[in-house]
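Trainee: Mind having a look at this structure? Questions to follow.
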Amino acid sequence: MVPASTTVFNNEMRFVTGPVMKVRESIHVLLMLFVVISTGAITAKASNELIINGGFENGNAFGWTVVGNVMAARFGHTGIFSLRLGSRGDTGQVSQSFNVPAGLAPTLSFWYLGVPGDLDTEQLIVTLLDQNGGIITQWNGEIDYRWHQVTYSIDPKYAGSTLTVRMFGRPDVAHEIIDLYCPPAPLPCRHRVITYAVYAYIDDVSVSYS
Ligand SMILES: [Ca+2]
Numbered sequence: 028m029v030p031a032s033t034t035v036f037n038n039e040m041r042f043v044t045g046p047v048m049k050v051r052e053s054i055h056v057l058l059m060l061f062v063v064i065s066t067g068a069i070t071a072k073a074s075n076e077l078i079i080n081g082g083f084e085n086g087n088a089f090g091w092t093v094v095g096n097v098m099a100a101r102f103g104h105t106g107i108f109s110l111r112l113g114s115r116g117d118t119g120q121v122s123q124s125f126n127v128p129a130g131l132a133p134t135l136s137f138w139y140l141g142v143p144g145d146l147d148t149e150q151l152i153v154t155l156l157d158q159n160g161g162i163i164t165q166w167n168g169e170i171d172y173r174w175h176q177v178t179y180s181i182d183p184k185y186a187g188s189t190l191t192v193r194m195f196g197r198p199d200v201a202h203e204i205i206d207l208y209c210p211p212a213p214l215p216c217r218h219r220v221i222t223y224a225v226y227a228y229i230d231d232v233s234v235s236y237s
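The opening position of the sequence shown corresponds to residue 28 in my numbering, with each subsequent residue numbered one higher.
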């Protein structure tokens, strides 16, 4: 990390053509250089990513077109947030379009998790659309509490066109029975039923090329 044009002498770092600096100040310079180099590396990597805010770490759905109701949830596959599709009583859908650079065949990747409900009506449908709105391919998410990854190599014939990834979630409900009081048999227990919504979550949505 030490530039070739510096020498270290008696706890001082001397730039051959510049002023003498104390070691602490020099370390600051080196740290700043490191930050600049690191930032450059991150920028270079991000330039191969075609999806904006695919990890939802902004804590919102910035970059996505929303239909219905979605929210960032502190339930990330990586990082802090994922995106919850739907609300109690409403479905939720997000979509984002991206331009496939000419001559390139990027890979679509995403992670999802579905929470099972009682009615078996929950759904997660992820669709890749061409520039005319035609379906290129579609996935029905498995609803089993676990994170799943899907990867898909986009056909080179779509290079130069605009594609859209769309994610639709339909929540279900689950219930929990809490016993409040159990009198002596044969009288039945008194209980309370708590009903709550369960959702599908998505995270780490990426369309990238190497
Ligand atoms: Ca995330």
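Where a beta carbon is used, it is the ideal one built from N, C-alpha and C, also for glycine. Quick caveat, the model's predicted, so the values are computed rather than measured.
State whether the region 93-103 contacts the region 118-131, with contact taken as three or more CB pairs (one from each stretch) at a distance under 8 Å.
Mentor: Result yes; three or more Cβ-Cβ pairs closer than 8 Å.
Trainee: Cutting at 8 Å between CB atoms, please list the residues of its own chain near residue 71, excluding the five before and the five after it.
Mentor: The predicted position of residue 71 is uncertain, since its pLDDT is 40 and thus under 50; a value taken from the coordinates is nonetheless stated next. Beyond the five residues adjoining it in sequence on each side, residue 71 comes within less than 8 Å, by CB distance, of no other residue in the same chain.
Trainee: Report the residue from 218, 153, 88, 98 whose alpha carbon sits nearest the alpha carbon of residue 135.
Mentor: 153
Trainee: Only counting runs of 4 or more residues, tell me where the alpha helix (DSSP H) segments fall wholly within the region 167-210, in order along the chain.
Mentor: none
Trainee: Going by DSSP, name the residue or residues bridged to residue 76.
Mentor: Answer is 235, bridged to residue 76.
Trainee: Under a criterion of Cβ closer than 7 Å to any non-hydrogen atom of ligand 1, which residues qualify, in chain order?
Mentor: That gives 82, 83, 84, 103, 104, 105, 106, 107, 108, 109, 230, 231.
Trainee: What's the gap between the Cα of residue 217 and the Cα of residue 173?
Mentor: 34 Å
Trainee: Return helix, strand or coil for residue 97, following the three-state DSSP convention.
Mentor: When secondary structure is reduced to three states using DSSP, residue 97 falls in the strand class.
Trainee: Does the Cβ-Cβ distance between residue 155 and residue 190 come in under 8 Å?
Mentor: yes
Trainee: So residue 9 is in the beta strand (DSSP E); what residue range does that whole segment cover?
Mentor: No answer is possible for residue 9: the residues shown for the chain start at 28 and end at 237.
Trainee: Would you call the region 104-111 in contact with the region 124-135, where contact means no fewer than 3 C-beta pairs closer than 8 Å?
Mentor: In this structure the region 104-111 does not lie against the region 124-135, because fewer than three pairs of beta carbons, one per stretch, are closer than 8 Å.
Trainee: Who are the near neighbours of residue 176 in its chain, counting only those whose CB is closer than 7 Å to its CB and skipping five residues on each side?
Mentor: Excluding sequence positions up to five before and after residue 176, its CB lies within less than 7 Å of the CB of 136, 138, all in the same chain and listed in chain order.
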